[in-house]
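Peer 1: Taking the working numbering, the leading residue of the sequence shown gets 6, the next gets one more, and so forth.
Right, I'll just put the structure down here and ask away after.
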Amino acid sequence: MNFTRWSARLPGTQRRAAARTEQTVPPDRRSESPVPAARAGHPASAVDGLPTREVLDRVPALVALVHGPEHRLAHVNAAYAAAFGPRAPGTPAREVLPELAELGLLPLLDQVLRSGRSRTLKSRKAVDGRSYTFTCAPVTAHGDSDAGVLVFATDVTDHAEAAERLRASERTQRQTAVTLQRSLLPQDLEEPDDLRVAATYQPGGTEAAVGGDWYDVITLGGGRTALVIGDVMGRGVRAAAVMGQLRTAVRAYARLDLPPHEVLQLLDGLAVEIDANQIATCVYAVHDPNEGRLVYASAGHLPILVRDENGEVLRADEPTGPPLGTGGWVHSSGSVPLGPGATAVLYTDGLVERRDQDLDEGIAALARALSGATGTPQVVCDRLVRSAGVTADHDDDVAVLVLQHPARTGPAADLFRNAALDLLGGVEAAPRARAFASGVLTSWRFPTELHDLGVLATSELVANSLQHGTPPMRLRLRRTDRRLIIEVTDGDDHLPRRRRAEPADESGRGIDIVATIASGWGSRRTPGGGKAVWCEFLLAKR
């Protein structure tokens, strides 16, 4: 085939080379060219003065010219032959150009031939180990039977290798952030006596989607449990590091047994010190089984969802303050019922936020999913994640914390008991409290040693309250499947402290005695004013 009579629509580099060639060819030689004059304005007019073969061989890129429905080879230039070896003209491309077949270019040639429009296949690695971007352009001749395709391959190996190095670096950074994130999250959740909890963390699937989501469960003693979930704005190792510092601080502040809003107040100041440009959202909540409520404070975080025993879902919206790290805000606490049979969900925005959906719609969808989610906390957690459509390639990280206050019946209910006595009448309340504690502990069938220790601890706590506290005073005994808890409340907010009494001192030994005989003790201020002092004894495992 005499392919020099074709008018080739040359892409990119060929057009520029042809334009330079046209400028160097004298006008008298153009009339002697064996190539017919092209239509006015056609790009191929730039090569009228040279044979097409010579033009293509001067192109540094790889060029192959095929024609007909079988894409029979007309010519490969010198660069193509140097890369893949010489090729015999007249043979179908499927046989003579196997490197193109392996890259899937043959269907592309069919498309170009049918449509008459150019197609490009970006950055494909060929059999010679190098990467090329292939552009296939239609070539017109005197008849459709001679129409063909010009395959133009640009070597982009350096760009491809640089891009791969960048992707490898991003994967390494992401893996580092994921590893740091997971190591800073609790490896095993604490198990409260009165709650059943489960949590999950799903990192985002994109290279930059590993953020600072975290959660924690902290047993405070006296049967109370703190639950926290938060989200540090930003991505990568920095966000994970800030998250780790905030989570450690939360655990430290929780040991002070402060109200939720005071914990957030301390965290807000710490967040500013860590990084004034870094903000985070957080919810800190405390569950007290004696009150059957979840007391919480929110710093710009999404509302807690609570499903009661009847399946109705309550959205705890208020109060909500600005995120941590903004400073200058006084947080406040709110509460939501969480009695036996209820389930609560704390979560981060990756679970409900979508680019094509309003945030309130995502929260409403989560509430609908929670209303029908039954089973253990882990089952509920998994169902909520699935219902939200969270997959491995999700564009944001997700943290979910589910807690249940189970309704106990039958033999399990016998292991969870409560007894309370109002301390009235002044000093005579002490012997009455000892008698009450002795009767209750006997009815709960505790061993003699534990019975006697419980009565002694009750006597010391009541005596301390009578001496240093103010009415109203109340004694509460509580047993779970793991511990005996003794608590005394009064109207004075001065917290006792343990100290060493001197031999001549007539008082000051009560708290020291309680701390010595009990497994743990503590005190806290109560929301309505006053304080609660408690101690607990671990029960032998059955």
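Every residue, glycine too, gets a C-beta built ideally from N, C-alpha and C.
Please read these numbers as outputs of a predicted model, since none were measured by experiment.
Helix or strand or just coil, what does DSSP make of G239?
Peer 2: Position 234 of the sequence shown, counting from 1, holds the residue named residue 239. Here G239 sits in coil by DSSP.
Peer 1: How would you label E492, buried or exposed, when you count the other beta carbons within 10 angstroms and need 16 or more for buried?
Peer 2: As a working note, residue 492 is residue 487 in the sequence shown. Buried: at least 16 other Cβ atoms inside 10 Å.
Peer 1: With a threshold of 6 Å on Cβ separation, who are the neighbours of M478 within its own chain once the five nearest residues in sequence on each side are excluded?
Peer 2: Start at 1 with the first residue of the sequence shown, and residue 478 comes out as number 473. Only L428, S470, D495 meet the Cβ criterion.
Peer 1: Look at the Cβ atom of W219, then the Cβ atom of G235, and state whether they are nearer than 8 Å.
Peer 2: By 1-based counting over the sequence shown, the position of residue 219 is 214. By 1-based counting over the sequence shown, the position of residue 235 is 230. Closer than 8 Å, so yes.
Peer 1: Please report the distance separating the alpha-carbon of L500 from that of A285.
Peer 2: Position 495 of the sequence shown, counting from 1, holds the residue named residue 500. Position 280 of the sequence shown, counting from 1, holds the residue named residue 285. When rounded, the distance between both Cα atoms is 32 Å.
Peer 1: So, for D498: in the same chain, excluding its five sequence neighbours on each side, which residues have a beta-carbon less than 7 Å away from its beta-carbon?
Peer 2: Taking the first residue of the sequence shown as 1, we reach residue 498 at position 493. Once the five neighbours on either side are set aside, the close Cβ partners of D498 are R530, G534, G535, K536.
Peer 1: Classify A397 as buried or exposed, calling it buried when 16 or more other Cβ atoms lie within 10 Å of its own Cβ.
Peer 2: As a working mapping, residue 397 is identified with position 392 in the sequence shown. So A397 counts as exposed.
Peer 1: Whose C-beta lies closer than 8 Å to the C-beta of A435 among residues of the same chain, with five residues either side of it excluded?
Peer 2: Your numbering for residue 435 matches position 430 in the sequence shown. Result list for A435: S464, V467, A468, L471, in chain order.
Peer 1: What's the gap between the Cα of H336 and the Cα of Y137?
Peer 2: Here residue 336 is taken as the residue at index 331 of the sequence shown, counted from 1. Here residue 137 is taken as the residue at index 132 of the sequence shown, counted from 1. Between H336 and Y137, the C-alpha separation is close to 60 Å.
Peer 1: By Cβ distance below 7 Å, which residues in the same chain neighbour G515 in space, the five residues on each side in sequence not counted?
Peer 2: Against the sequence shown, residue 515 aligns to sequence position 510. The answer, listed in chain order, is E465, A468, N469.
Peer 1: P328 and A304 - do their beta-carbons sit closer together than 8 Å?
Peer 2: What you label residue 304 is simply residue 299 of the sequence shown in a count that begins at 1. What you label residue 328 is simply residue 323 of the sequence shown in a count that begins at 1. Cβ distance < 8 Å, so A304 and P328 count as in contact.
Peer 1: Go to P56, then tell me how far its beta strand (DSSP E) extends in each direction, as first and last residue.
Peer 2: Residue 56 sits at position 51 when you count from the first residue of the sequence shown. Note, P56: premise wrong, no beta strand (DSSP E); not H, not E.
Peer 1: Three-state secondary structure (DSSP) at Q207?
Peer 2: Your numbering for residue 207 matches position 202 in the sequence shown. It is a strand residue.
Peer 1: Please report the Cβ distance between L61 and V71, rounded to the nearest whole angstrom; I am assuming they are in contact, meaning their Cβ atoms lie under 8 Å.
Peer 2: Here the question's residue 61 lines up with position 56 in the sequence shown. Here the question's residue 71 lines up with position 66 in the sequence shown. Not quite, the Cβ-Cβ distance comes to about 13 Å (not below 8 Å), so this is no contact.
Peer 1: When DSSP builds the beta bridges, which residues end up paired with H292?
Peer 2: The sequence position of residue 292 within the sequence shown is 287, counting from 1. In DSSP, H292 forms a bridge with T230, L299.
Peer 1: Where do the ends of the beta strand (DSSP E) carrying S528 lie?
Peer 2: Within the sequence shown, the letter at position 523 stands for residue 528. Start and end: 525-530.
Peer 1: Should N82 go down as buried or exposed, given a rule of 16 or more other Cβ atoms within 10 Å for buried?
Peer 2: Working through the sequence shown from its first residue, we reach residue 82 at position 77. Result: buried.
Peer 1: With C-beta atoms as the reference, is H410 less than 8 Å away from L343?
Peer 2: Position 405 of the sequence shown holds residue 410. Position 338 of the sequence shown holds residue 343. Closer than 8 Å, so yes.
Peer 1: Comparing C-alpha positions only, which one of R260, D293, C287 sits nearest to D273?
Peer 2: Here residue 273 is taken as the residue at index 268 of the sequence shown, counted from 1. Residue C287 is the option with its Cα nearest to D273.
Peer 1: Taking a contact to mean a Cβ-Cβ separation below 8 Å, would you say E541 touches G226 in this structure?
Peer 2: Translated into the one-based positions of the sequence shown, residue 541 becomes position 536. Translated into the one-based positions of the sequence shown, residue 226 becomes position 221. Yes.
Peer 1: With which residues is P97 paired in a DSSP beta bridge?
Peer 2: On the sequence shown, residue 97 is found 92 positions in, with the first residue counted as 1. For P97, which the question treats as bridged, DSSP gives the partners R77.
Peer 1: Nearest by alpha-carbon distance to D354: which of I368, R176, S120 is it?
Peer 2: Mapped onto the sequence shown, residue 354 falls at position 349. Out of I368, R176, S120, I368 has the C-alpha closest to the C-alpha of D354.
Peer 1: Among residues of its own chain, excluding the 5 on either side of A438, which ones have a beta-carbon nearer than 8 Å to its beta-carbon?
Peer 2: Residue numbering aside, residue 438 sits at position 433 when the sequence shown is read from its first letter. L426, L428, T463, S464, V467, L480.
Peer 1: Terminal residues of the continuous beta strand (DSSP E) containing P342?
Peer 2: The sequence position of residue 342 within the sequence shown is 337, counting from 1. Run containing P342: 339-342, per the beta strand (DSSP E) assignment.
Peer 1: Buried or exposed: S338, going by 16 or more other Cβ atoms within 10 Å of its Cβ?
Peer 2: Along the sequence shown, read from residue 1 onward, the residue named residue 338 stands at position 333. Result: buried.
Peer 1: For H266, count neighbouring C-beta atoms within 10 Å of its own C-beta (all shown protein chains included) and say buried if the count is 16 or more, exposed if not.
Peer 2: For the purposes of this step, residue 266 is taken as residue 261 along the sequence shown, with counting starting at 1. Under this definition H266 is a buried residue.
Peer 1: With 16 other CB atoms within 10 Å as the buried threshold, where does V432 fall?
Peer 2: Within the sequence shown, numbered from 1, the residue matching residue 432 stands at position 427. So V432 ends up on the exposed side.
Peer 1: DSSP has G137 in a bridge; who is on the other side?
Peer 2: Locating residue 137 in the sequence shown gives position 132, counting from the first residue. Looking at the sequence shown, residue 137 is not Gly but Tyr. R129, D160.
Peer 1: Spatial neighbours of Y301 within its chain, please: CB distance less than 8 Å, with the 5 preceding and 5 following residues excluded, ordered by chain position.
Peer 2: Looking up residue 301 in the sequence shown gives position 296. Excluding residues within five positions, the ones whose Cβ falls inside 8 Å are P265, V288, Y289, A290, V291, I309, A321, S338, G339, S340, V341.
Peer 1: Go ahead and label G430 buried or exposed: buried means 16 or more other beta carbons lie within 10 angstroms of its beta carbon, across all protein chains shown.
Peer 2: To locate residue 430, count along the sequence shown from 1; it is residue 425. Looking at its Cβ environment, which holds fewer than 16 other Cβ atoms inside 10 Å, G430 is exposed.
Peer 1: By Cβ distance below 8 Å, which residues in the same chain neighbour A106 in space, the five residues on each side in sequence not counted?
Peer 2: The count along the sequence shown starts at 1 and reaches residue 106 at position 101. Here the set comprises A98, R99.
Peer 1: Can you tell me whether S120 is buried or exposed, with buried defined as 16 or more other CB within 10 angstroms of its CB?
Peer 2: Here the question's residue 120 lines up with position 115 in the sequence shown. Per the 10 Å Cβ criterion, exposed.
Peer 1: Specify, as a first and last residue, the run of the beta strand (DSSP E) that F542 falls within.
Peer 2: Position 537 of the sequence shown holds residue 542. That run of the beta strand (DSSP E) goes 536-543.
Peer 1: Roughly how many angstroms lie between the CA atoms of G73 and H80, to the nearest whole one?
Peer 2: Here residue 73 corresponds to residue number 68 of the sequence shown, with the count starting at 1. Here residue 80 corresponds to residue number 75 of the sequence shown, with the count starting at 1. Cα-Cα distance, rounded: 13 Å.
Peer 1: What's the C-alpha gap between R229 and S188?
Peer 2: Within the sequence shown, numbered from 1, the residue matching residue 229 stands at position 224. Within the sequence shown, numbered from 1, the residue matching residue 188 stands at position 183. Approximately 26 Å, taken between the alpha carbons.
Peer 1: Alpha carbon to alpha carbon, how far is A173 from L543? Give it in angstroms, no decimals.
Peer 2: For the purposes of this step, residue 543 is taken as the residue at position 538 of the sequence shown. For the purposes of this step, residue 173 is taken as the residue at position 168 of the sequence shown. Answer to the nearest angstrom: the Cα atoms are 52 Å apart.
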